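K.L.:
Each residue of the sequence shown is one higher than the last, beginning at 50 in the numbering used here. Cβ atoms here follow ideal geometry from the backbone N, Cα and C, with glycine treated the same way. Here the structure is a predicted model, which is why all the values come from computation and not from measurement.
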Amino acid sequence: MAVSSVVQPFLTDLYQLSMAYAYWKNHKHNDIATFDLFFRSNPFGGEFTLFAGLDECLKFVRDYKIHQTDIEYLKDNLPEYVEQEFFDYLSTLVMDDIEIYAVPE
């Protein structure tokens, strides 16, 4: 699956990028970690929620790659104290070790 012009690897907020930097800075970036995606109530005032798009999510994670243009974007938008080594680390990331657990569609 090609990354679309809407869904980009860094379609996120500064908090997530800051946390990635904090993990790296504290030598925790290779530790196993768990992240959850959930919601507290049904959106739009609804009584139920449909889950769809798992296959597309899995393909996105499988094909995830940080490109040089992404690194340049981060350099322009993260604080100046972020070391070049962090950007070097990001440019080498692969998603081979990620495990995703989800309910079936």
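Over the uninterrupted alpha helix (DSSP H) stretch that includes Ala69, give me the two end residues.
P.N.:
Leu63 to Lys74
K.L.:
Buried or exposed: which applies to Tyr70, given that a residue is buried once 16 or more other Cβ atoms fall within 10 Å of its Cβ?
P.N.:
buried
K.L.:
My output table needs one value for Ala85: the three-state DSSP class, helix, strand or coil.
P.N.:
Before going further, note that residue 85 is Asp rather than Ala in the sequence given. Here DSSP, grouped into helix, strand and coil, assigns Asp85 to coil.
K.L.:
Can you tell me which of Asn75, Leu123, Ala82 and Leu63 puts its alpha carbon nearest to the alpha carbon of Asp146?
P.N.:
Ala82
K.L.:
Please specify which runs of the alpha helix (DSSP H), each continuous and at least 4 residues long, are wholly inside the region 90-138, giving them in chain order.
P.N.:
103-112 and 117-126
K.L.:
Could you tell me if Tyr139 is buried or exposed, where buried requires 16 or more neighbouring beta carbons within 10 angstroms of its beta carbon?
P.N.:
Note on residue identity: the sequence assigns Leu, not Tyr, to residue 139. Taking all protein chains shown into account, Leu139 has 16 or more neighbouring C-beta atoms within 10 Å of its C-beta and is therefore buried.
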